[in-house]
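Protein chains in written order, with this note's numbering: chain G, 1 to 334; chain D, 1001 to 1334.
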DNA sequence: TGTAGAAATGAATACGCATTCATTTTTCAT
DNA sequence: ATGAAAAATGAATGCGTATTCATTTCTACA
């Protein structure tokens, strides 16, 4: 059933031209007479010839492959991210090698195989690179863009939302709607997103001399939000608002609070982060911060392509704004 | 900054051996003396040598690449599917080329580029192949496994849940808990999953001479479930249970019903399909059908590997059972 | 110590293509 | 019709590896 895999040489012989000419046709080279081009394409079609991408990349040193390393693909925010990245990159002719990592910091062993394929670039979402892995990519001239994370020393380019500013605005919003006793449920405490959000949130409270801030660690899952909220609400019944590290946490928080028998927003206000689709489901109708997802992806792709084409480009940072989406989980308490 | 890409030839020269020997070391060939192996590995390490996968695949005709074509990656069920497929396949040394398709039927144009990379197999979730695309894969001897779908004429191997039986059991359960007026919210009406589920559901009702079945089309999204439920409940207020094509639909249905002011399960019972994580969130606590996800993935991978290694294997079908997960959205009405 | 057989090694080759360079063909102005 | 410039073509080469085959080195046993 399986046919021979025809080569450009086969096509050339049957079409009565040289292999060079066949190659020119499929490489989009214009220096081929219309007559021979027609003939070659006809023969190729009949034979079912297709160029071999591996042989090609051996010469051109372009693989048109990009790695996308994701953590937490089960988080709807990142499912959407993956979908959009695929749309954009496939439109540009790139192929995505998908890697799922469980680690906050991508280890070298997870990427060495990627390197053997000579991928041209890597997008890393919601995670960082171990320094040895980072060095490897640098050493081989592979573009690396962090998505939704950044590192202190700017070893890699990064695209993310201005979490600090976002948190400040959220805090301000909560303060000005009359809240008095605050809680923050974070993601993993050593990530830039968590640090920046906490910093912004805390600063606003300090400016206004509010010291009622409880901090509870989470890990960006529903379950962690659920547990954190149970913990918080039993420990301190006066809490009147909870700022959550992301929407999934917020949904867990809401379910926990309702399970306890309290009402949202009457008893407790809840604010999320990301504006995933579920946050607008009627059961939750979550007030949250919208990250400009498509724009973030576009910027990431832009940086990536530039770094692929010009390997000398220094690391750059793109920080985007986002905005508050007010729904029904915050109530004015004045 | 970027270093030369060293080759096995470079390593060979510095280590004072032939390129063949270097190749043997990295191909895992045992016929190399321990002394030279050590030396070669040391030199390679120092140089940062890595084998070139493309050059390798040119000779071995193995690329260790598998395509995974997904529709609906935003559906949490398929996010989980992707994660598990990645776990299993990367453990076997395969790399995933991720393709997101919007189409119920994958078109040839979406896969021709995949072919140029000589992927060894393709997994297609929640979609079918156009016949021209299917023929192409066959022609090039590429293994194709459908996941959660099958075609009438068994052109490709497929792994899926016994939707017919599942729907029968669900129908039986609903009938025996005293329900009298039924509704089914389907997925796209020409898919095997929808057809089988409807068939099983309907058969049980007919056996019991129940003709109260309303059918509303959906497309496996929250929104479609929401709208369908609104539609159903305004058209026919007597409906006392709704069987949903998947969990996401069911969640939309629940929110719609609650928005109308009715209660679940007191006024209406709801049953989903898939048992995604959200279905156990307290806000929903959905009674649903669990598909044995991990086992389905394992079977798919097994079939895939077999077909990769033995191209003559005929198409095979694996049908799995699954079971009802009873939570709190069905109430006995006797 | 000598030798048969096993193990290790290297030279040469092929995988399928793009590209360079030299050569041939075509085009177009005169 | 003629020649110069442009376009088209093909032969040859190399990309980085695995593998075959012939040769060398090693091992173990008499």
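For each residue, glycine too, the CB sits at the ideal point set by N, CA and C. On a predicted model such as this, the values are computed, not experimentally measured, just so you know.
- Residues 130, 132, 133, 136 of the same chain have their beta carbon placed closer than 8 Å to that of residue 108 of chain G, with the five preceding and five following residues left out of the count.
- Close partners of residue 1246 of chain D in chain G (Cβ separation under 9 Å) are lacking, with about 15 Å as the shortest Cβ gap.
- Rounded to whole angstroms, the separation of the alpha carbons of residue 1227 of chain D and residue 103 of chain G is 39 Å.
- The residues 181, in chain order, have a CB closer than 6 Å to that of residue 238 of chain G in the same chain once the five nearest residues on each side in sequence are set aside.
- Among the CB atoms of chain G, none fall inside 8 Å of the CB of residue 1019 of chain D.
- Cβ neighbours of residue 1299 of chain D within its own chain (closer than 6 Å, five residues either side excluded): 1159, 1318.
- Per the C-alpha coordinates, the member of D:1064, D:1048, D:1047, D:1045 positioned closest to residue 1054 of chain D is D:1064.
- Within chain D, 1002, 1003, 1005, 1048, 1050 have C-beta atoms less than 9 Å from the C-beta of residue 140 of chain G, given in sequence order.
- The Cβ of residue 1220 of chain D sits no closer than 8 Å to any Cβ of chain G.
- For the region 114 to 135 of chain G, the set of positions with a beta-carbon nearer than 9 Å to some beta-carbon of chain D reads 114, 115, 116, 117, 118 in chain order.
- Sequence-ordered contacts of the region 254 to 283 of chain G with chain D read 254, 255, 256, 258, 259, 277, 278, 281, 282, 283 [C-beta pairs closer than 9 Å].
- Counting along the chain, the unbroken alpha helix (DSSP H) around residue 20 of chain G starts and ends at 19 to 26.
- Exclusion of the five residues before and after residue 1012 of chain D leaves 1018, 1019, 1022 as the residues of its chain whose Cβ lies within less than 6 Å of its Cβ.
- For residue 1100 of chain D, the pairing in a beta bridge is given by DSSP as D:1070.
- One finds nothing in chain D with a Cβ atom closer than 8 Å to the Cβ of residue 91 of chain G; even the nearest lies about 12 Å away.
- Nearest CB-CB separation between residue 1095 of chain D and chain G: below the 8 Å threshold.
- Listed along chain D, no residue sits closer than 8 Å to residue 77 of chain G by beta-carbon distance, the nearest being about 10 Å off.
- Here residue 85 of chain G has 68, 96, 123, 297, 300, 301 as same chain residues with Cβ atoms under 8 Å from its own Cβ, once five neighbours each way along the sequence are excluded.
- At least 8 Å separates the beta-carbon of residue 163 of chain G from that of residue 121 of chain G.
- Under the Cβ criterion of 8 Å, residue 1314 of chain D is not counted among the residues facing chain G.
- For residue 8 of chain G, the nearest beta carbon of chain D is not closer than 8 Å to its own beta carbon.
- The three-state reading of DSSP puts residue 299 of chain G in helix, counting H, G and I together.
- Look at the region 1313 to 1334 of chain D: it has no residue with a C-beta under 8 Å from a C-beta of chain G.
- Cβ neighbours of residue 1150 of chain D within its own chain (closer than 7 Å, five residues either side excluded): 1158, 1160, 1192, 1317.
- When Cβ pairs closer than 8 Å are counted between the two stretches, the region 218 to 225 of chain G is seen not to touch the region 41 to 52 of chain G, the count staying below three.
- Chain D places a beta carbon closer than 8 Å to that of residue 98 of chain G, counting this residue as a contact.
- Counting only the Cα atoms, residue 43 of chain G lies some 7 Å from residue 14 of chain G.
- The DSSP-derived three-state label of residue 127 of chain G is coil.
- Per DSSP, the unbroken beta strand (DSSP E) holding residue 145 of chain G starts and ends at 143 to 147.
- With contacts defined as CB atoms closer than 8 Å, residue 156 of chain G and residue 142 of chain G fail to qualify as a contacting pair.
- For the set G:321, G:293, G:273, G:329, the Cα lying nearest the Cα of residue 81 of chain G is the one of G:293.
- Here residue 1157 of chain D carries a strand assignment [DSSP, helix/strand/coil].
- Excluding the 5 residues flanking it on each side, residue 1206 of chain D has no same chain C-beta neighbour closer than 6 Å.
- A distance below 8 Å between beta-carbons, with the five flanking residues on each side excluded, links residue 253 of chain G to the following residues of its chain, in chain order: 185, 225, 226, 228, 229, 242, 244, 270.
- CA-CA distance, residue 1233 of chain D to residue 1173 of chain D, rounds to 22 Å.
- Closest option to residue 331 of chain G, judged by alpha-carbon separation, among G:281, G:310, G:175: G:175.
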